[in-house]
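This report concerns only the one structure given below.
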Amino acid sequence: MVDDASKPPGEDVEDLKAADAQDLHKAVREAGEEELDRPLSSLFFSGLAAGMAISSSLITEGALHQALPDTPWRTIVVSLGYPIGFLVVILGRMQLFTESTISAMLPLVTKPSSWALKRTLRLWGVVLVANLIGTAITGGAIAAEVLGSSELRGAMIEVSMRITELSAWATFVNAIPAGFMIAILAWSLPNARQQAFLVIFAITYVVALGGFSHSIVGSDEAFLLLFSGHVGVWQALVELILPAVLGNLLGGAGLFALLAHAQVRGEMDGQGET
């Protein structure tokens, strides 16, 4: 163990300081560069695991919905189950499409190139497909009552039906703030340190309370409704999942990632970075 007296003066203070925007940009950008370099098989299986694991959000919400009486405050308590899947996926270092919108975008906007563009599209495509396969597997398993009881299945269907209340356009618009907030989550984690659990929980709980559309959690709900006969293939894929994907992408990569880069670009240029 290192004696505190042997530490250079001010080191303890430095340890307590939060990283500034430039440090966060570098941390998230370097994480994105590592993701861009990962083999396809690694991205796919990590994304597949994330798609399956994110279903713990729906399972927990369904269990809470089943246990609580039909009261005005039930949604507030049921929404506490929403962050569970994100905690499992993010702390388990699995690949989630909405997280990668900012991490993959920062290397591209920092040093634009055809290589970076192709790698970014490759990352998004592989992870998104893998996530959706994962949620389709779990959605089908829940519909077939392989996961959970018939009562829990009914509760999860009730929770999932809320996504059918929005049109495709409304789902797209509703997904923009969700993509923005999940990008904030990915941006904040390097600064979170020991508070990562609370940061993940708080931000995703707000997404749930706001009723914002998250493409991967929403796809789990959409596939459950599809395989249980409550919606058709067109509605599930084109009216529910696709608009949420596009909205999350716009909110995460199109808005927050560009804003996050813009706030430090002048300082980076001043240090000779492009």
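Take 28 as the starting number for the sequence shown in my numbering and just add one per residue.
Heads up, the beta-carbon is just placed ideally off N, CA and C, and yes, glycines get one too.
Contact belief for residue i with residue j at Cβ below 8 angstroms, rounded distance in angstroms
i, j, result
"D202", "G274", "The identity of residue 202 in the sequence shown is Ala, whereas the question assumes Asp. Sure, about 3 angstroms apart at Cβ, within 8 angstroms."
"L251", "A170", "6 angstroms"
"G206", "L276", "6 angstroms"
"A168", "L174", "5 angstroms"
"I211", "F113", "I211 to F113, Cβ: 13 angstroms. No contact."
"Q262", "L179", "With a Cβ gap of about 24 angstroms, Q262 and L179 do not count as contacting."
Member of the options whose CA lies at the smallest distance from the CA of residue i
i, options, result
"T71", "G152, M183, G281 and S177", "Thr is not the amino acid found at residue 71; the sequence shown has Phe there. For the residues G152, M183, G281 and S177, the minimum Cα distance to F71 belongs to G152."
"D50", "G281, L216 and D64", "L216"
"G78", "F199, P204 and A157", "A157"
"T102", "P110, I111 and L91", "L91"
"L225", "I117, P99, W100 and E88", "I117"
"V200", "G238, I184, S73 and S177", "G238"
"I184", "P99, L107 and F254", "F254"
"H52", "P139, L95, L150 and N218", "N218"
"L150", "I268, I111, S68 and V258", "S68"
"E266", "S140, G256, M208 and A197", "A197"
"A54", "G259, V258, R220 and V260", "R220"
"I111", "P139, H257 and I86", "I86"
"M208", "V260, T147, P139 and G281", "G281"
"A223", "L107, V115 and W142", "V115"
Under 7 angstroms between C-beta atoms of residue i and residue j
i, j, result
"I81", "G279", "no"
"V272", "S240", "no"
"P270", "A195", "yes"
"G119", "D247", "no"
"V186", "E88", "yes"
"D176", "M121", "The sequence given here places Ser at residue 176; Asp does not occur at that position. No, these two residues do not count as a Cβ contact at 7 angstroms."
"S127", "Y109", "no"
"R65", "T137", "no"
"F124", "V104", "no"
"A249", "I268", "yes"
"L75", "G161", "yes"
Within the chosen definition, does the region 186 to 199 reach the region 226 to 234 through at least 3 CB pairs nearer than 8 angstroms?
The region 186 to 199 vs the region 226 to 234: no contact.
Determine, using beta-carbon pairs with one atom in the region 53 to 64 and one in the region 127 to 134, whether at least three such pairs fall under 8 angstroms.
Touching, yes.
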